[in-house]
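The structure appears below as structure tokens.
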Amino acid sequence: MNTLAGNPYRAMYAALALVLAVNAIVLAGAAWNRSGEPESELILTQRELDTPYGGYGEFENSGMTLRLDWKIADADRRFDEDPDAAYYGYGSRTATWLDAEKMRTLGFTPPAPGTEEQLLRYEERTSGREVFLVLELDGPAYRESLAQVGRYVRRTEQQRAANPRKKELAEQAIAAKEMLGRVEKEMSRLFVVDAGLDAEILRGRYRDRTHYAIVRGRVEPMLQRSPDWPDDKSVPEFAGYVDSLSIDGISVPAGVLPSSVMDDEKVTYRVQVAWGRRFEPWIVSAQMTAPQKPAND
Amino acid sequence: MGTAKDGSGQPHTRTEAQQRADDIHVYRRERARLHADGLLAADDEGQQRVDAYHARLLEQLETRFDIDRDQQASRLSLGMRVASLLGALALAASIFFLFYQFWGYLPVAAQVSILAGASLASCVATFMIRARDDSGYFSKLAAMVAFACFVLNIAMFGQIFNITPSDKALLVWGAYALLLAYACDLRLLLVMAILCLTTFIAARFGTWSGLYWFDFGERPENFFPAAVLLFALPLYFDHRGFAGFPVIYRVFALLTLFLPMLVLSNWGYGSYIDFDSDVVEVFYQILGFILSAAVIWLGVRRGWNDVVNTGVTFFVIFLYTRFFDWWWDYMPKSLFFLVLGLVSILLLLVMRRLRAAGLFSGREVQP
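In the order they appear, the protein sequences are chains A and B.
Here the numbering used here is used: the first residue of the first sequence is 1, the next is one more, and so on.
Here the numbering used here is used: the first residue of the second sequence is 1001, the next is one more, and so on.
If you want it as structure tokens, here you go:
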């Protein structure tokens, strides 16, 4: 390598050229992402765009970022069986549609049948990968959640009516109604409903760009074992789960929303979010809205 | 050692100048001993000319390079280096927090202008300070600030425009740090460059083998290509005039090689070798011993103390981790540590015996 110390001006020009070139490339990439028609554009509310974990003001950060709060129709946690777990997201983010066949299309190879040691080795050695995910806003997946909670409410009501003296059944019925209110008014309506390696094919299946956004995210393989495995000699089921979105925080430009958004849980707002050619999002516009009646009233 | 790049014997960097001054002091001390033993005449005319020349040279070097004239000055210099390092890190941190404190109030155009402008301005300032600061203390501060500004520049662009995270940021950060390191003769920036570029290379190899780039750590072997590259660089590129750079390359090469090996010797699942994890772990345990011993041998033969010390350190770490695996659960703790102590003494005796036998006498070779 030729030393640069002997000619500081040459080195300085090289350093300046590097800084300028990198800045130009990054800004050009961001501009290209936002050029032309957006790939998708969704109107999200405080239900789908939440404040980040840890809150605002951490590390004296004046910047605002809103976090995409997404859900998945979890195969293990249904609203009509365990509404708390379904609402708060306990358990793995598996999905009824993320089965072995789907995982194969995503490029994952299931393990060969084997011993526990071999299966453990498979799980330790197999990593997730970045794929395209489909986010559905206020669609069939959300309505199915509502229907499940509705069935749960009716069941608890029937149980309460059949055993009016049992206090715990009355409390369960009340809690079920509160859960219904939360799902109707507070829970995110944004669900991950599909995954694939080709964004064009996915867009061909989900053409409504105002209700379906295609984003990048990470899927991980998993082996679902029965509670009695290996005693029951069952074969663990190969499936997957959605680990995270590649970009789940969206920066809020100055002046678009007041800082009270970050501190006050009761504020409500609507945000128009667009995704561009590189499937990277940005906020197009935002406005505060009148607060709705709380779910518990 | 310490010769100038053009072969004239005149030092061109502070490090070379300091080495020259230290050589002169050593020469003077040895000559004083020879006088005391009656082997040299005190009033030799040639010696007087040499003394006068050395005095003039020391004065020039001190004026030009701010070198340490004696041990007291040397101790103070060490303090200045520590202060310079801490100051550099503190200034870099303050840049980050300053921007975080105010960026939310600025429109996007202002944010972009400030970030890019700070990168460019700090870059120019670094070179201007470098042109005036032969000691290097202030250059180090300025270069670290420039690096911090550039890292912040790209990181914040990613946040402002919601850009998908990529390992390519490590490449440009590493390239910039490398440029600053060589332009300003700064080992701290070289370390930053090595950290960034090593991580980038590991992430790339991870991606090529089918991993998500951020998961490169799940296969520690992804670091091996970078280790080889780091070790080879000072062998093929002339580093005269960059004192300390070859040492940093070699030490980080060995860290990049042995740390992943240490991990794999305890976590066989993480290997690309699709075999029983116990077998993989034993393989890397044996390989760790063999390679660390080979590194010690190579270091002695080539006169690379840094390589010898790093090799010995990892040999001992590999040995102690094996002792821990074998005996920690089965021995009383007092006995366990006694065994460790006795093994250390045994290693000392073995190495002393080998040194006395001349088995490790190697030519003094500097890259």
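All C-beta atoms in this analysis are idealised placements derived from N, C-alpha and C, irrespective of residue type, glycine included.
In this structure, DSSP gives residue 214 of chain A an extended state, which the three-state scheme calls strand. Put simply, of A:176, A:202, A:206 and A:49 the residue whose alpha carbon is nearest the alpha carbon of residue 158 of chain A is A:176. Non-local beta-carbon contacts of residue 217 of chain A in its own chain, meaning distances under 8 Å to residues more than five positions away in sequence, involve 130, 131, 132, 133, 192, 195, 242, 243, 244, 245 and 246 in chain order. Here the segment 1043-1060 of chain B makes no contact with the segment 1086-1097 of chain B; the two share fewer than three CB pairs at distances below 8 Å. Contact annotation: in the segment 1170-1194 of chain B, residues whose CB is within less than 8 Å of a CB in chain A are 1172, 1175, 1176, 1179, 1180, 1182, 1183, 1184 and 1185. Per DSSP, the unbroken alpha helix (DSSP H) holding residue 1290 of chain B starts and ends at 1277-1302. Excluding residues up to 5 positions away in sequence, 110, 237, 238 and 239 lie with their Cβ nearer than 8 Å to the Cβ of residue 100 of chain A in the same chain.
A residue is called buried when at least 16 other Cβ atoms come within 10 angstroms of its Cβ; residue 1027 of chain B does not meet this threshold and is exposed.
Contact annotation for residue 63 of chain A against chain B: 1100, 1103, 1104 and 1159 [CB-CB distance below 8 Å, chain order].
Restricting attention to B:1223, B:1021 and B:1114, the CA atom closest to the CA of residue 1256 of chain B is found in B:1223.
If you check the CB distance, residue 1231 of chain B and residue 1204 of chain B do not come in under 8 Å.
Residues of the segment 1109-1127 of chain B with a C-beta less than 9 Å from any C-beta of chain A: 1110, 1111, 1112, 1115, 1116, 1119, 1120, 1123, 1124, 1126 and 1127, listed in chain order. As the crow flies, the alpha-carbon of residue 102 of chain A is around 21 Å from that of residue 226 of chain A. The Cβ atoms of residue 1173 of chain B and residue 1149 of chain B do not sit closer than 8 Å to each other. Shortest Cα-Cα distance from residue 1114 of chain B to any of B:1157, B:1268 and B:1039 involves B:1157. Residue environment for residue 118 of chain A: exposed (fewer than 16 other C-beta atoms within 10 angstroms of its C-beta).
Shown here for residue 1264 of chain B: same chain residues with a beta carbon closer than 8 Å to its own, the five before and five after excluded, namely 1220, 1221, 1270, 1271, 1280, 1281 and 1284 in chain order. Contact annotation: in the segment 260-282 of chain A, residues whose CB is within less than 9 Å of a CB in chain B are 278, 279, 280, 281 and 282. Comparing alpha carbon positions, the residue from B:1304, B:1342 and B:1097 closest to residue 1320 of chain B is B:1342. Proximity of residue 1273 of chain B to chain A, defined by a Cβ-Cβ separation below 8 Å, is not satisfied. The beta carbon of residue 104 of chain A sits no closer than 8 Å to any beta carbon of chain B.
From the beta-carbon of residue 247 of chain A, the residues of chain B found nearer than 7 Å are 1162 and 1164. With contacts defined by Cβ atoms closer than 8 Å, residue 41 of chain A and residue 209 of chain A form a contacting pair.
Nearest to residue 1083 of chain B by alpha-carbon distance, out of B:1050, B:1119 and B:1136, is B:1136.
When DSSP states are grouped into helix, strand and coil, residue 1241 of chain B belongs to the coil group.
Counting only residues of its own chain and dropping the five nearest sequence neighbours on each side, residue 1144 of chain B has a CB closer than 6 Å to the CB of 1088 and 1092. At a beta-carbon threshold of 9 Å, the residues of chain A lying near residue 1154 of chain B are 22, 23 and 26, ordered along the chain. If you look at residue 259 of chain A, you'll find it isn't in any beta strand (DSSP E); DSSP assigns it neither H nor E. At a cut-off of 8 Å between C-beta atoms, residue 128 of chain A counts as an interface residue with respect to chain B.
Scanning its chain for C-beta atoms nearer than 6 Å, with the 5 sequence neighbours on each side dropped, one finds no residue around residue 1209 of chain B. The beta carbon of residue 1234 of chain B does not come within 8 Å of any beta carbon belonging to chain A, so the residue lies off that interface.
Residues of the segment 155-181 of chain A whose Cβ lies closer than 7 Å to any Cβ of chain B: none. Residue 1183 of chain B is a Cβ neighbour of residue 11 of chain A, given a cutoff of 8 Å. When Cβ-Cβ separations below 8 Å define contact, residue 1277 of chain B makes contact with chain A. At a cut-off of 8 Å between C-beta atoms, residue 19 of chain A counts as an interface residue with respect to chain B. When the Cα atoms are used, residue 1170 of chain B and residue 1199 of chain B turn out to be separated by approximately 7 Å.
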